[in-house]
Amino acid sequence: MQNIRNFSIIAHIDHGKSTLADRLIQECGGISEREMRAQVMDTMEIEKERGITIKAQSVRLEYVYQGKTYILNLIDTPGHVDFSYEVSRSLSSCEGALLVVDSTQGVEAQTIANVYIALDNHLEILPVLNKIDLPASDVAKAKEDIENTIALDCSEALEVSAKSGIGIQALLEAIIEKIPAPSGNPDAPTKALIYDSWFDNYLGALSLVRVIDGSISIGQKITMMHTGKTHEVLGLMYPHPINQRKTNKLECGEIGIVSLGLKSLTDIAVGDTMTDEGNPTANPVDGFVPAKPFVFAGIYPIQTDRFEELREALNKLKLNDSALDFEPETSVALGFGFRVGFLGLLHMEVVKERLEREFDLELIATAPTVVYEVHLTNGNIVNVQNPSQLPPEQTIAKILEPYVRASIITPSEYLGNVIGLLNQRRGVQEKMEYINQSRVMLVYALPSNEIVMDFYDKLKSSTKGYASFDYEMIEYREGDLVKLDVRVAGDVVDALSIIVDRSKSYQKGRALVEAMKELIPRQLFEVAIQASVGNKIIARETVKSMGKNVTAKCYGGDITRKRKLLEKQKEGKKRMKAIGKVELPQEAFLSVLKIDE
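Here the sequence shown is numbered in this note's numbering, starting from 480 and rising by one per residue.
Next comes the structure, spelled out in structure tokens:
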């Protein structure tokens, strides 16, 4: 155990985690030159394309230092705020973390959030300054940033360039010297934390575990402490992105993959503790919080007969993404679909893209919403995630909406723009401090429904892309909220309903009907598009009818003949208006997502 080091890499998105992981693997000879490729730890196509890490990946490396062979278990974690649950569960199985900061950009909001998770887990944190070979690199300023915002001593911070390999050897030596070896009792009963799971087509459900006490052997009967179910260990492997190595035993302090031959992930709860059936451990590993969906949206197939294919695709995706949560729902406008819970907007985008690519589906997503707590006049409390489920206004005593604590770091020249945006989104300032002369950190309490639409895009455009943003859920607070409905030709289109603050309902309704007017094709009859709160119409636009020249066939003749035809047309249009159905194009549903304030 003295020669094992378990550590992870934490950083803001785009600060070079995956590239640093590539260099460490190369330096340890974990992958041959022939097999080496960029972002070797990112296994999904979408991760490579976007240059982001979505799923935490592990690899076991060996490094010889001062004549001894050390085992290094490296976990590469995502950097985007939506996937912070991946970070939290990875850190619960480590003794140390490399805090990677881009020396050209300094500390970002997500960096701070991840450091706090690491500190909560009592990890040894090594500051690493990356990209030192770039002309814009300012190492002294980056060190000062870390010391000011995180109060972490940077006198011995390591300076590396993950791309060119500068300082990688010194970094490996620092990992061995400074990160503590795992502490555990090899003679105690088996106790292992499951910190990740996925589905393999050949081996079934696999779980990635950290052995805390005792050991796990092939043939051993293992009990899951959360579900109480017992299974036999069929195979053990060491994690590796390309060629996993089989083993007969996982010793205390090691990280490995356990195969139990299960056909679904429901029996493997991430965060559960594995123990020996005959000699169980007294207490499970605690402190692990499962992922909670934060944003909800309806996902519907454009071809309504492909509903079952969508169900199958979601079930398959859930095997590899335990944070996904979904249930069937129907919409008058869109037919059958699913209400899906996501961790955030990037997670929603990634899941929708994976469904379309991997399963060849054409999908439409409704506007994302959050969960509201509705207190009724009869004393009951209901949770509402879909605006169409909101009870009638007269039965509601009050509506509580979830709030987040948002940390935003911005260059000081854009401070006015950012504060203006936050005030517009009903933000309440909690803290504002200057990290250095040119950068400011703002901490605001914000209603969740104000950030799930297009907040991040607006923040980036108002700061020319220089601001960074991170958030955490805090509590529910009472809000003056109403349901805004859109009526097309008198019918409420349930998929376009949104819950908004009363003071913004007119402005949002106006913007919505104007956007819809451009998108709805002209019919043979006039189409009224209205925005309403309850029974009160607050905005209206009209799509003019298409002109059809019914008098074209009259050449010459009496005027009364033409008048008769025009009267007949007028009657026909009236009747059409009464029974006419308007086909809404797909863009109409996306217009809700693109309303400009």
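By construction, the Cβ of each residue, glycine as well, lies at the ideal position given by its N, Cα and C atoms.
Find the nearest neighbour of residue i within the set the options, judged by alpha-carbon distance.
i, options, result
"G958", "P926, V931, S976", "P926"
"Q584", "I611, E603, N593, E574", "I611"
"P668", "L834, S582, K700, K496", "K700"
"D460", "L991, I843, P759, L739", "Any answer about residue 460 is impossible in this case: the structure gives the chain only from 480 up to 1076."
"G714", "H705, P870, K1041, L729", "L729"
"E756", "M703, H719, L789, R790", "M703"
"V607", "V819, R1019, A615, L499", "L499"
"T754", "P847, K708, L553, Y542", "K708"
"G663", "E912, M480, G906, T760", "M480"
"E806", "N627, K877, Q864, R1040", "Q864"
"E808", "K795, V829, P718, P780", "P780"
"N794", "L813, V819, T706", "V819"
"L602", "E912, C573, D765", "C573"
Can you name, in chain order, every residue of its own chain whose Cβ lies under 8 Å from the Cβ of residue i, other than the five neighbours on each side?
i, result
"Y935", "L824, F948"
"G698", "E711, V712"
"S676", "A684, L685, S686, L687, L744, I747, V749, S801"
"V897", "I887, T889, L921, L938, S941, T942, A946"
"K831", "I778, L842, A844"
"N1078", "Nothing can be reported for residue 1078: it is not among the residues displayed for the chain, which extend from 480 to 1076."
"I654", "R484, F486, L551, G575, L577, L605"
"G906", "A885, Y923, A924, L925, E929"
"I488", "K496, L499, A500, L553, I554, D555, T556, A576, L577, V579"
"R918", "G585, D624, I888, T889, P890, S891"
"T874", "L855, T856, N857"
I need the boundaries of the alpha helix (DSSP H) containing residue i, first residue and last residue.
i, result
"H826", "824-837"
"Y985", "981-998"
"A500", "496-506"
"D476", "Residue 476 is absent from the structure shown; the chain starts at 480 and stops at 1076."
"D936", "934-941"
"L650", "647-657"
"E929", "927-930"
I'd like the span of the beta strand (DSSP E) that includes residue i, first residue to last.
i, result
"E1020", "1015-1022"
"M911", "907-913"
"Q536", "536-544"
"A776", "774-780"
"K670", "670-679"
"F948", "947-958"
"S738", "734-741"
"I492", "Counting along the chain, I492 falls outside any beta strand (DSSP E), and DSSP gives it neither H nor E."
"D852", "Residue identity check: residue 852 is Glu in the sequence provided, not Asp. Here the beta strand (DSSP E) through E852 covers 851-855."
"A844", "842-844"
"D755", "752-755"
Return helix, strand or coil for residue i, following the three-state DSSP convention.
i, result
"M1080", "Summary: the structure shown does not reach residue 1080, with the chain confined to residues 480 through 1076, and so no result is reported for it."
"F486", "strand"
"Y893", "helix"
"D581", "strand"
"A689", "Note on identity: in this sequence residue 689 is Arg, with Ala being the wrong assignment. Three-state result, R689: strand."
"S886", "strand"
"M520", "With a pLDDT of 49 at M520, under the threshold of 50, the predicted position of this residue should be treated as unreliable, though the coordinate-derived value follows. Coil at M520, not helix or strand."
"P866", "helix"
"V594", "helix"
"K708", "coil"
"I611", "coil"
"D632", "coil"
"I1038", "helix"
"E638", "strand"
"L551", "strand"
"A684", "strand"
Who are the near neighbours of residue i in its chain, counting only those whose CB is closer than 6 Å to its CB and skipping five residues on each side?
i, result
"V922", "S886, E909, K910"
"S567", "I596"
"I978", "P866, L960, K962"
"R981", "D959, V961"
Spatial neighbours of residue i within its chain, please: C-beta separation below 7 Å, excluding the five flanking residues on both sides.
i, result
"S1024", "R1001, Q1002, L1003, F1004, E1005, K1052"
"E733", "I483, V690"
"G1013", "E872"
"E954", "Y882"
"G438", "Outside the shown range of the chain, which is 480 to 1076, sits residue 438, and nothing can be said about it."
"V618", "S582, L608, I611, E638"
So who's on the other strand from residue i, going by DSSP bridges?
i, result
"D970", "V967"
"Q1009", "R966, R1019"
"G816", "E808"
"S696", "K728"
"M920", "I888, E912"
"G575", "F486, E603"
"K877", "H854"
Using a Cβ-Cβ cut-off of 9 Å, state whether residue i counts as contacting chain D.
i, result
"D949", "Annotation note: the requested chain D is absent from the structure, which comprises a single protein chain."
Does at least one heavy atom of the ligand NAP sit under 8 Å from the Cβ of residue i?
i, result
"P780", "Because no ligand of any kind appears in the structure shown, any question about the ligand NAP cannot be addressed here."
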